[in-house]
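Numbering (this note's numbering), first residue to last: 6 to 175.
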């Protein structure tokens, strides 16, 4: 075997191939892209029975379907980028932020009708703030109050959405 053929076999594992096959250099990007594609596939599956409509008369399935395809494209782009990015070790997985962000979303869905919009928004911001160990609580409280006021003004006063502002005590 000549030197060129040995190099080709060493690079690709196949004799006779002299081209370089890129290898995955950043597993974080691969897993992120695969997660995006998986979530988009789930969204497409959930929206399969919704009418998509046309660009002029969009149906209830248009936005979820379009969003899923955009998420698939983004996931593929991130996965392709992993072939050319700098090598990086697989990042450590932190369950605390994932659990607390999901808890904040669940809290919003459960508490909105019972506690009203401002209190629910403050609770969501505080629960989400617990996800980061370096949260600055003074800023988090100011953010919670500001978002509660803004959401109340925009959604209840401005748009007239039927959301309770305060809890009904009796």
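Idealized CB from N, CA, C, for every residue including glycine.
Buried or exposed: residue i, going by 16 or more other Cβ atoms within 10 Å of its Cβ?
i, result
"residue 64", "exposed"
"residue 100", "exposed"
"residue 114", "exposed"
"residue 121", "buried"
"residue 76", "buried"
"residue 123", "buried"
"residue 80", "buried"
"residue 43", "exposed"
"residue 38", "buried"
"residue 54", "exposed"
"residue 89", "exposed"
"residue 45", "buried"
"residue 137", "exposed"
"residue 59", "exposed"
"residue 34", "buried"
"residue 129", "buried"
"residue 52", "buried"
"residue 125", "buried"
Check residue i in the structure and name its three-state DSSP category.
i, result
"residue 63", "strand"
"residue 58", "strand"
"residue 144", "helix"
Identify the continuous alpha helix (DSSP H) that holds residue i and give its terminal residues.
i, result
"residue 33", "32-51"
"residue 110", "100-120"
Is the number of C-beta pairs between the stretch 58-72 and the stretch 92-99 that are closer than 8 Å three or more? no
Specify whether the stretch 155-174 and the stretch 128-137 touch according to this definition: at least 3 beta carbon pairs, one from each stretch, less than 8 Å apart. no
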